[in-house]
Amino acid sequence: MKFVNLTLLLILLLAKIQAQDKSVRPTYNYDGYLQISNDKKLPIKLNFLVLLDSSIVGSYNYNPQNGRLKLAGIFNTDYSITFFEWDIKGHNTGRFDGQVSKDRHTITGIWKSGDKKHEFPL
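Going letter by letter, the sequence shown gives residues -19 to -1, 1 to 103 in mature numbering (1 follows the signal peptide of the UniProt record, and there is no 0).
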């Protein structure tokens, strides 16, 4: 009887571990830039997590001394992404619309300012 209980417990434990593996998602970290003008690039660091429902949460910065901006958005099945960004006060400061490469190593797209006055390639 003890052997049966121990075996059943091990099977349940293994099933739980496998279920957890499917729920763990990697954090994506990118170093890139916004092309401000033909001769000026603004370096950025982008970090995000894709949740099980394909929503995105994360942050990024372009000037570490100014802190990080919050990101939220969606990662679509066609590898297109949309992020909205907010500053520490909760003001929408911009939007990213882009495409992630199939190997997930690069992101390209457009950044638009929250007031829609500026637009730069990412």
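We treat Cβ as the ideally placed atom computed from N, Cα and C, and that holds for glycine. On a predicted model such as this, the values are computed, not experimentally measured, just so you know.
Cα-Cα separation, residue i to residue j
i	j	result
D78	K98	16 Å
D20	F56	31 Å
D2	V81	Note that D2 scores a pLDDT of 46, beneath 50, so its modelled location is shaky and nothing firm can be said.
T58	Y11	20 Å
K26	K83	20 Å
Neighbour-count burial assignment, residue i, 16 or more Cβ in a 10 Å radius
i	result
E100	exposed
Y60	exposed
I37	buried
I17	exposed
L33	exposed
I62	buried
Residue i in three-state terms, based on DSSP
i	result
P102	strand
P45	helix
Y60	coil
D84	coil
N19	coil
Candidates the options: closest to residue i by CA position
i	options	result
G48	Y11, S36, K70 and K83	K70
G39	Y14, F65 and P45	F65
T74	P24, K93, L103 and N28	K93
T8	T89, F29 and L52	F29
V31	G90, I91, L50 and R85	R85
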